[in-house]
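Down below is the structure, laid out as C-alpha cells.
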Amino acid sequence: MFKVINKIGKSYDLNVALVFDGGVEICEHISAENRALIKRLIDKKEFSGKKGEILKVDFLEKENLISMALLGMGKEEEFTFDVYREVMFDFLSKEKGTVLISSDKAILSNHEVLGEIVSNVNYSFDTFKEKKAEKLEVELFVAGEEKNISETILLGEATDVARDLVDLPANIINPITLAQRVVELGSKYGFEVEILDENDMEKLDMNLLLAVGRASITKPRLIVMKYLNGKNNDEKIGIIGKGLTYDTGGLCIKPADSMFEMKSDMAGAASVIGAMCAIAAGKVERNVVAIVPACENAINENAYRPGDIIKSMNGKTVEIINTDAEGRLALADAITYAVRNEKVTEIVDVATLTGAIMVALGSLTTGVFSNCDEKYSMLEDASRLHGEKVWRMPLFDEYNEQLKSTVADIKHTGGRMGGSITAAKFLEGFAEGLPWIHMDIAGTSFNSSVKWVKKGATGVGVKALYSYVKNR
Ligand code: BES
Ligand code: MN
Ligand code: ZN
C-alpha cells in the first residue's frame with residue numbers, strides 16, 4: 009500500500025529520512041535534545057549518507073517512542089533515479105508494518121518512483137500459497153499541496169496484472185482461459201475485447217498461427233483489445249504481444265531445463281494486456297489496438313514439422329526450420345491482422361522471442377529493434393522513465409541473406425549467429441513498411457537481474473508501453 013500525505017496524523021513503525029552524502033540535516037519538528045542525540049550518533053558511527061548507508065535510532069519524543077532511520081542516497085551530484093530505485097528497494101524489502109518516508113530534498117520525495125518501488129516490494133505471487141505475504145504500508149510525506157497519485161497506483165496495479173498472468177502456470181493459463189481473463193479485464197478497466205477462434209482464423213488464412221497451436225488440445229485464440237479515445241484519428245497504435253501460453257519447443261523439443269520457465273512465454277502478451285488496463289483506466293487520449301496471438305506450442309501427431317511449407321496470412325510462404333522458433337510465426341500473422349484488418353498506423357511488438365538476446369544482453373536489458381529512429385527514441389525515453397533498461401539492436405538488410413529459402417519465399421530461422429537479429433528481420437518483413445518497434449524481452453520478463461524487481465515475473469514493458477502511448 010502506498011500513500012502520499014501532507015499532514016502527519018499517526019505513528020509509524022519506522023520513520024525514514026532520506027539524505028544525501030554529507031548533507032544530513034535533522035528536520036525541525038524533532039526536539040533540540042533529540043537532534044543533538046542523533047547528531048552525536050552520526051559523528052560516533054561516522055554516518056555520512058553514502059549510497060545505501062543506514063543509521064537507525066530510537067528515541068522518546070513527547071513520551072512517544074520514535075524509531076527513526078536515516079537512509080543514505082549517496083552523493084547528490086551522482087544521483088539518478090536508478091540509484092534511488094536500488095537503495096529504496098533494498099531498504100524497504102527488509103522492513104515490515106508501516107513506514108513513513110520524508111526528505112528535505114524535493115528530488116528524493118518523488119512519488120512516482122517511490123510508488124513503483126513500493127509496488128515492486130509488495131508484489132508476491134502467492135495465489136497458491138496458504139500463507140500470504142504481508143504487505144508493507146508506505147506513506148510519503150510531502151509538505152504543501154496534496155499529490156494526485158492515481159496514475160502511479162494504476163501503473164503498479166497494471167504491472168501486477170501482467171506479473172500474475174506470467175507467473176500463473178500453463179495448466180491454468182491456456183489460450184482459451186487467457187482470452188476469458190482478458191474479457192474480464194476489459195470490462196473491469198474499460199476496453200473492448202474481441203476474440204477470434206480457430207474457425208475465424210482459418211477463414212482469415214492465419215496459417216502460421218494455426219500451425220504453431222495445432223498440436224495443443226486448447227486451440228489458438230486471437231485476442232483483440234481496443235481503446236479508441238484519440239483526438240487524432242490519423243493515428244492508431246498497434247501493440248502486439250507474443251502469447252505462447254507454453255512453449256515445449258514442439259517436435260524440436262526443448263531440454264527439460266530450458267522448458268521449465270516456458271510458462272512465461274506469454275510475457276509479451278501480459279505486457280500489452282497490462283498496458284491496455286492502464287491506458288483505458290487512465291483514459292489516455294489515443295487510439296490503441298492491442299493484439300495477442302495466443303497459442304500453445306505442444307506436441308502430438310498433428311504437430312507442425314521442420315520442413316513444412318506454410319502460407320502466411322500475408323501471402324508469403326514460409327519454410328519451417330525449427331519448430332521451437334514458433335513465436336515469430338504466431339506474431340507474423342498477428343502483425344498482418346493488425347496492418348490489414350485493423351489498419352494500424354504503427355506497430356510495437358513485445359515478445360519473449362529468442363535465447364540469443366540473452367546471450368547478447370543478459371537478463372538486465374531488453375533488446376529493441378526498430379525501422380524508425382523517432383519512434384525508437386520515444387520508446388527509449390518511455391522505458392527510462394520507469395527504470396526499464398533498453399538497448400537498440402541493428403537491422404541491416406544483409407541479415408536477410410540468412411533467411412533465404414530454396415523452396416519457399418522465406419525461411420523462418422537464420423542459424424545461431426545473430427539469432428535475435430534474424431528473428432527481428434523475419435518480423436520486419438510483415439510490418440509492410442509501417443513504423444515498427446520490436447522488443448525482445450526473453451531475458452527481462454522472468455527472473456531478471458534488475459536490482460529493484462523480485463525474481464519471477466517482472467511485468468517489464470507495461471509502464472514503458474503506457475508512457476510510449478501517452479507521451480507524444
Ligand atoms: N520462447 C523461446 C525464447 C526464450 C528462451 C524465451 C529463453 C525465454 C527464455 C523461443 O520460442 C525459442 O525457443 N527460440 C529459439 C529460436 C531458435 C530455435 C531459432 C531459441 O532462442 O533458442
Ligand atoms: Mn520456442
Ligand atoms: Zn517461445
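For any residue, its number in the working numbering is found by taking its place in the sequence shown, counting from 1, and adding 8.
Positions of the beta carbon are idealized from the N, C-alpha and C atoms, including for glycine.
Next item on the list: Please list, following the chain, all residues that have a C-beta closer than 5 Å to any non-hydrogen atom of the ligand BES.
Entry: Shown in chain order are the residues whose CB sits closer than 5 Å to a heavy atom of the ligand BES: 255, 273, 330, 332, 333, 335, 360, 362, 363, 421 and 450.
Item checked: Rounded separation between residue 213 and residue 98 - CA only -> Spanning the two alpha carbons is a distance of roughly 50 Å.
Next item on the list: Indicate, with yes or no, if the ligand MN has a heavy atom lying under 8 Å from the CB of residue 305.
Entry: Yes - the ligand MN has a heavy atom lying nearer than 8 Å to the Cβ of residue 305.
Next item on the list: Along the alpha helix (DSSP H) that carries residue 17, what are the first and last residues, could you check?
Entry: Element bounds for residue 17: n/a, residue is neither H nor E.
Next item on the list: Using only alpha-carbon positions, find the residue among 123, 169 and 145 that is nearest to residue 157.
Entry: The shortest C-alpha to C-alpha distance from residue 157 to any of 123, 169 and 145 is the one to 123.
Check: Near residue 187, which residues of its chain fall below 7 Å by C-beta distance, leaving aside the five closest residues on each side in sequence?
Finding: So the list reads 203, 229, 231 and 302, once near-sequence residues are dropped.
Next item on the list: Going by DSSP, name the residue or residues bridged to residue 305.
Entry: Paired residue(s): 255.
Check: What are the complete alpha helix (DSSP H) segments, minimum 4 residues, inside the segment 370-440?
Finding: Runs of the alpha helix (DSSP H) lying entirely within the segment 370-440 and spanning at least 4 residues, in chain order: 381-393 and 427-436.
Notebook entry, point to check: Cα-Cα, which of 17, 146, 75 and 468 is closest to residue 390?
Noted result: Among 17, 146, 75 and 468, the Cα nearest to that of residue 390 belongs to 468.
Next item on the list: Report buried or exposed for residue 428, applying the criterion of at least 16 other Cβ atoms within 10 angstroms of its Cβ.
Entry: It counts as buried.
Notebook entry, point to check: Start and end of the alpha helix (DSSP H) containing residue 158?
Noted result: Start and end: 158-175.
Item checked: Residue closest to residue 259, alpha-carbon to alpha-carbon, out of 333, 450, 183 and 272 -> Of the listed residues, the one whose Cα sits closest to residue 259 is 333.
Next item on the list: Would you mind sorting residue 244 into buried or exposed? The rule is 16 or more other CB atoms within 10 Å of its CB.
Entry: The residue in question, residue 244, is buried, as its Cβ has 16 or more Cβ neighbours within 10 Å.
Margin query: I need the DSSP call for residue 245, collapsed to helix, strand or coil.
Written below: For residue 245, the three-state secondary structure derived from DSSP is strand.
Note to self: Buried or exposed, going by whether 16 or more other CB atoms sit within 10 Å of the CB of residue 522?
What the structure shows: In the structure displayed, the chain extends from 9 to 480; residue 522 sits before or after that span and is not available.
Check: Roughly how many whole angstroms lie between the Cα atoms of residue 172 and residue 90?
Finding: One alpha carbon belongs to residue 172, the other to residue 90, and they sit about 25 Å apart.
Next item on the list: List the whole-angstrom C-beta distance separating residue 473 from residue 356, where the pair is believed to meet the contact cut-off of C-beta under 8 Å.
Entry: Yes, residue 473 and residue 356 are in contact; Cβ-Cβ is about 7 Å, under 8 Å.
Notebook entry, point to check: What are the complete beta strand (DSSP E) segments, minimum 3 residues, inside the segment 287-340?
Noted result: DSSP assignment within the segment 287-340 yields the following whole beta strand (DSSP E) runs of 3 residues or more, N-terminal first: 295-305, 317-319 and 325-327.
Next item on the list: Sort out for me which residues DSSP pairs residue 357 with in a bridge.
Entry: Partner(s): 248 and 446.
Item checked: Given residue 411 as reference, the closest of 347, 336 and 464 once Cα atoms are compared -> Of the listed residues, the one whose Cα sits closest to residue 411 is 336.
Check: Would DSSP call residue 455 helix, strand or coil?
Finding: DSSP places residue 455 outside both helix and strand once states are collapsed to three, so it counts as coil.
Next item on the list: Using a threshold of 9 Å, state whether the C-beta atoms of residue 285 and residue 197 are closer than that.
Entry: Yes; because the gap between Cβ atoms is below 9 Å, this pair is in contact.
Margin query: Taking 8 Å as the cut-off, is the beta-carbon of residue 83 closer than that to any non-hydrogen atom of the ligand NAD?
Written below: You won't find the ligand NAD in this model; what it holds is the ligand BES, the ligand MN and the ligand ZN.
Check: The alpha helix (DSSP H) with residue 218 in it runs from where to where?
Finding: Run containing residue 218: 215-221, per the alpha helix (DSSP H) assignment.
Check: I think residue 226 touches residue 177, with their Cβ atoms under 8 Å apart; what is that distance to the nearest whole Å?
Finding: Between residue 226 and residue 177 a beta carbon distance of about 14 Å is seen, past the 8 Å cut, so the two are scored as non-contacting.
Checklist line | Which listed residue (31, 374, 420 and 372) has its alpha carbon closest to that of residue 314 | finding: Of the candidates 31, 374, 420 and 372, the one whose C-alpha sits nearest the C-alpha of residue 314 is 420.
Checklist line | residue 250: CB within 8 Å of a non-hydrogen atom of the ligand ZN | finding: Short note on residue 250: C-beta closer than 8 Å to some heavy atom of the ligand ZN.
Margin query: Count Cβ pairs between the segment 435-450 and the segment 363-382 that sit closer than 8 Å; are there 3 or more?
Written below: Yes, they touch.
Next item on the list: Would you mind sorting residue 96 into buried or exposed? The rule is 16 or more other CB atoms within 10 Å of its CB.
Entry: By the neighbour-count rule (16 or more Cβ atoms within 10 Å), residue 96 is buried.
Notebook entry, point to check: For residue 147, which of 10, 360, 254 and 185 has the nearest alpha-carbon?
Noted result: The closest CA to that of residue 147, considering only 10, 360, 254 and 185, is found on 10.
Notebook entry, point to check: Which one of 253, 401 and 395 has the shortest CA to CA distance from residue 269?
Noted result: Cα-wise, what sits closest to residue 269 is 253.
Item checked: Same chain, Cβ closer than 7 Å to residue 120, five either side skipped, listed in chain order -> Contacts found: 160.
Note to self: Given the structure, does residue 257 come close to the ligand MN, in the sense that its CB is under 8 Å from one of the ligand's heavy atoms?
What the structure shows: Checking every heavy atom of the ligand MN against the Cβ of residue 257, one is found closer than 8 Å.
Next item on the list: Determine the contact status of residue 377 and residue 392, defining contact as a CB-CB distance below 9 Å.
Entry: Going by C-beta atoms, residue 377 is not nearer than 9 Å to residue 392.
Notebook entry, point to check: For residue 443, which of 317, 179 and 385 has the nearest alpha-carbon?
Noted result: The residue with the shortest Cα to Cα distance from residue 443 is 385.
Notebook entry, point to check: So does the segment 303-311 actually touch the segment 236-250, counting three or more Cβ pairs closer than 8 Å?
Noted result: Contact annotation: the segment 303-311 does not touch the segment 236-250, with fewer than three C-beta pairs closer than 8 Å.
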